[in-house]
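**Q** Residue numbers (the numbering used here): 9 to 154. Just so it is clear, CB atoms sit at the ideal spot from N, CA and C, and this is done for glycine as well. Keep in mind that this is a model prediction, so the values were computed, not measured. Sharing a structure, written as structure tokens. Questions coming.
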């Protein structure tokens, strides 16, 4: 199963809109090269993974405004959104070492504008770790964190 990270940088409002609209987007057309229907994506914001979701559509282009800062027209729909109030930090420990070995020291910037595939072993570790975290309902998460 393919695993990807989509990062919202420090833009919690963009994470909120993606969750509310069940849509992820990019301003880069290359997003369609990295995501497939049924991929698992990890929702990354402020150096932490707060959620996981399934991509449930093929790529599409739509210029309807969702996010406040800009239009991200290259999109996928997501479902099965699971969130936690005990996020996974990728900047410390084993994940940082593994991501650096696969993508280099500036690995986080490679994910900033378009989701990139993760090596399967790293994706599986993150998914296993994520499943063990405390879940939080979507409405409670949006009220508390964004």
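Measure the C-alpha to C-alpha separation of residue 106 and residue 89 and round it to an integer number of angstroms.
**A** The alpha-carbon atoms of residue 106 and residue 89 are separated by roughly 25 Å.
**Q** In terms of DSSP beta bridges, what is residue 59 paired with?
**A** According to DSSP, which records beta bridges pairwise, residue 59 is partnered with 51 and 91.
**Q** If you reduce the DSSP assignment to three classes, tell me which class residue 108 lands in.
**A** In this structure, residue 108 counts as helix in the three-state DSSP scheme.
**Q** What residue range does the beta strand (DSSP E) around residue 12 cover?
**A** Run containing residue 12: 11-15, per the beta strand (DSSP E) assignment.
**Q** Is residue 108 buried or exposed, if buried means 16 or more other CB atoms sit within 10 Å of its CB?
**A** When all chains shown are included, residue 108 counts as exposed.
**Q** Leaving out five residues on either side along the sequence, give the residues of the same chain with a beta carbon under 6 Å from the beta carbon of residue 119.
**A** Once the five neighbours on either side are set aside, the close Cβ partners of residue 119 are 13 and 15.
**Q** Does residue 114 come out as helix, strand or coil in the three-state DSSP assignment?
**A** Residue 114: coil per DSSP, three-state reduction.
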